[in-house]
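To start, the structure under review is shown below, and the notes come after it.
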Ligand code: MG
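Numbering (this note's numbering), first residue to last: -3 to 452.
Structure (structure tokens):
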């Protein structure tokens, strides 16, 4: 109804020659790969320089308690685009949780993505960069709501050439032709292997071009960077410049890219009508050592349900509309879709459980969100739960490494994230009542849960 009214207003005003552009806001999601909680200046990195992201944080909201909805790439992206826990779409598997070039499944065609909903409402849509939600019919970007695509189908360490030297993936100087990794425009391969040193720059050029072309709006742009996922590459302008080595070079180039995107919005005069969200798909890949990023004060990283695996940097920016602030609200990537759709006046998909919530009142009016639990999944297993400052771990397992072993906990491990953000002091024995509330929350979440067919 709201949408109809807006359209009516739009048609009337344009009919009178008062308004030339659509009044609905544009949305840009910039998604990095394996960026750690501690890797940006505005999140405390003492070594990586990120002046553009720091400025974005100063002008927008910087979230301290933002979560990706999974601890690895594929399910995290499924959740971002559908607003649903990956277990509902089946995009989480059991132990193997990431799509590979030879994987059969992909994001099921019947899932409604934020791009599909906005496209149907008249938005121009484009996907740039990493997809990683399937390469088969029905799952590809052009079949999941994007009119255009410029990017790569999966992670840049996949499709390695035969005889790739051991350790090449995590090397500070990976071989440039070590991966037979393709770059696509729409559904056509345009370069294989792609020169990975050019990727961040070319994604940025495409993004700026799209913004200029679609400046009259409304548009939805999903810009998912390949880096800082290993193997690490940066363009000659950035290589060798950061104190943090090639990992820092890659992050500093992404920072430059964000600066270019925001500057394009300012130049076109559409910054005030564009919501830009910057975040990461999961935490840093700790086993990659120097090429693995930093989770700051958080425990562990990518692959685990400790905070370092899923709590990630997140900035939201819309100058003049979003008041600059640091927010401690517990929010997550599944909130992106309901927020974007609410701003566009588009209803949520019917007959589908959406786990995220609309953040508009928090962003635009500074109102607190209603309390809600957040569930940490590893594959299709619920490992942990957060309610308020409390987090209970029912199971734990390290992210990656040779000695991975799941440990189950009864009673669960309990940490107070306000007083112990590094999850070092288990206080379960002192707070049985909190654990009881957590068990209830999990029970109620799982009561009507219908897991999707595993798609990996
Ligand atoms: Mg990742």
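For every residue, glycine included, the Cβ atom is placed at its ideal position computed from N, Cα and C.
Please list, in chain order, all residues of the same chain as residue 426 whose beta carbon is under 6 angstroms from its beta carbon, the five residues on each side excluded.
none
Measuring only the C-alpha atoms, how far is residue 417 from residue 358?
23 angstroms
Would residue 49 be called buried (16 or more neighbouring beta carbons within 10 Å of its own) or exposed?
buried
So, helix, strand or coil for residue 149, using DSSP?
coil
Beta-carbon proximity check, residue 230 vs residue 193, cutoff 9 angstroms
yes
Proximity below 9 angstroms, CB of residue 125 to CB of residue 110
no
If you reduce the DSSP assignment to three classes, tell me which class residue 93 lands in.
coil
What residues in its chain sit with their C-beta under 6 angstroms from that of residue 82, if we drop five residues either side in the sequence?
66, 71, 74, 75 and 88
Is it buried or exposed for residue 186, if we count other Cβ within 10 angstroms and need 16 for buried?
exposed
Thinking just about the alpha-carbon of each residue, which of 275, 233, 54 and 241 is nearest to the one in residue 64?
275
Closest to residue 120 by C-alpha separation, out of 215, 328, 225 and 285, would be which residue?
215
Taking the alpha carbon of residue 196 as the reference point, which residue from 257, 165 and 278 has its own alpha carbon closest?
257
Over the uninterrupted alpha helix (DSSP H) stretch that includes residue 339, give me the two end residues.
332 to 340
State buried or exposed for residue 9, treating a residue as buried only when at least 16 other CB atoms are found within 10 Å of its CB.
With a pLDDT of 44 at residue 9, under the threshold of 50, the predicted position of this residue should be treated as unreliable, though the coordinate-derived value follows. Answer is exposed; the Cβ neighbour count stays below 16.
Drop a sphere of 10 angstroms on the beta-carbon of residue 327, count the other beta-carbons inside from all chains shown, and report buried for 16 or more, exposed for fewer.
buried
Tell me where the alpha helix (DSSP H) around residue 205 begins and ends.
195 to 209
N-terminal and C-terminal residue of the beta strand (DSSP E) that residue 60 is part of:
From DSSP, residue 60 is part of no beta strand (DSSP E); its letter is neither H nor E.
With DSSP run on the structure shown, which of helix, strand or coil describes residue 444?
coil
Do you know offhand how far residue 212's Cα is from residue 285's?
45 angstroms
By how many angstroms is the C-alpha of residue 450 removed from the C-alpha of residue 80?
15 angstroms
Closer than 8 angstroms: is that where the CB of residue 99 sits relative to any heavy atom of ligand 1?
no
C-beta atoms of residue 419 and residue 302 nearer than 9 angstroms:
yes
With burial defined as no fewer than 16 other Cβ atoms inside 10 Å of the residue's Cβ, what is the status of residue 307: buried or exposed?
buried
What three-state label does DSSP hand residue 48 in the structure shown?
helix
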